[in-house]
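Just so we're aligned: 4 in UniProt numbering is position 4 of the sequence shown, and the numbers increase by one with no gaps anywhere.
Note that the Cβ used here is the ideal one computed from N, Cα and C, for glycine as well.
Predicted model only: the values in this text are computed from it and were never measured.
Scroll down for the structure; my scribbles are underneath it.
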Amino acid sequence: MLLGTALSGAVCFVLALVLRQRLGFTAWTLSALAWSLVVIAIITLIPASGAPGIVPAEGRLDTCSFDIGGPAPDGFWIFSGGQRLLNTVVFVPPGVLLVLTAARWRIGLVTVPLGLVLLAAFSAGIEWTQLELARIDRACDVTDIIDNVTGAVVGVVVGLVLALVVRPWRLRR
1 MLLGTALSGA VCFVLALVLR QRLGFTAWTL SALAWSLVVI AIITLIPASG
51 APGIVPAEGR LDTCSFDIGG PAPDGFWIFS GGQRLLNTVV FVPPGVLLVL
101 TAARWRIGLV TVPLGLVLLA AFSAGIEWTQ LELARIDRAC DVTDIIDNVT
151 GAVVGVVVGL VLALVVRPWR LRR
């Protein structure tokens, strides 16, 4: 997991270096947005017990859990606030970076809401993948999507405040 995070960070850093002449500050926010999405995919799609195992057919869930606030674990050693809080917090950076990336252009008024919908779709895609790939021993839960979207919305609000301070539209070359 750490190796994948570091390698994807290096690739996104190079991407920012390549794009900085053309996009300036936005190259960094765009690359950081891409990296944050890759990191989310890594931490949510890595097998729960470290290595893919065998989940018997009778033990595999056929549908997503629609039990809102469902049976989420208490938390992780790395983040004691519980899985729901972690699911929320992990989507705040993409929300912030979405706004800072889109704020450079006037069309940002359209791309930010569209990007928020795409972040929700990304979360739903992760949950669907967890449902389909039983070998990674992860559970599909609608509560995770709700928490992820909540985090993205909080991130967008924080991003709007930061955009007023940073003013990415003035950082054009």
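N- and C-terminal bounds of the alpha helix (DSSP H) containing G82: Element bounds for G82: n/a, residue is neither H nor E.
Tell me the DSSP secondary structure of D141 in three-state form. strand
Can you tell me which of the three DSSP states A103 falls into? coil
Taking the alpha helix (DSSP H) that L2 belongs to, which residues open and close that run? 2-23
Inter-residue CB distance, V96 and L162 (contact presumed, cutoff 8 Å): 6 Å
G108 versus A102: straight-line alpha-carbon distance, rounded: 5 Å
Pairing CB atoms from the stretch 112-132 with CB atoms from the stretch 18-28, are three or more of them under 8 Å? No contact exists between the stretch 112-132 and the stretch 18-28.
Cα-Cα, which of T143, A152, T5 is closest to I46? T5
For L37, does the three-state DSSP call read helix, strand or coil? helix
Would you mind sorting F79 into buried or exposed? The rule is 16 or more other CB atoms within 10 Å of its CB. Summary for F79: the model assigns pLDDT 48, below 50, so the residue's position carries little reliability, and this model does not support an answer.
Does G125 pass the burial test, meaning 16 or more other C-beta atoms within 10 Å, or should it be called exposed? exposed
Around the Cβ of W77, are there at least 16 other Cβ atoms within 10 angstroms (buried) or fewer (exposed)? Residue placement at W77 is poorly supported in this model, since its pLDDT is 45, which falls under 50; the coordinates still yield a value, given next. Exposed, by the Cβ-count rule.
Coil, strand or helix - L116 by DSSP: helix
Just to confirm my understanding: we take L160, look at its own chain, exclude 5 residues before and 5 after, and list those with CB closer than 6 Å. What are they? Setting aside the 5 residues that flank it on each side, L160 is surrounded in the same chain by V99, each with a C-beta closer than 6 Å to its C-beta; the list follows chain order.
Go through its chain and collect everything with a Cβ distance to N87's Cβ below 6 Å, but skip five positions before and after it. D144, D147, N148
Environment of W128 [buried if 16+ CB atoms lie within 10 Å]: exposed
Alpha carbon to alpha carbon, what distance is there between I40 and R84? Whole-angstrom Cα-Cα distance: 15 Å.
Flag this pair as yes or no: are the beta carbons of T63 and C140 separated by less than 9 Å? It is a contact, given that the beta carbons lie within the stated cut-off.
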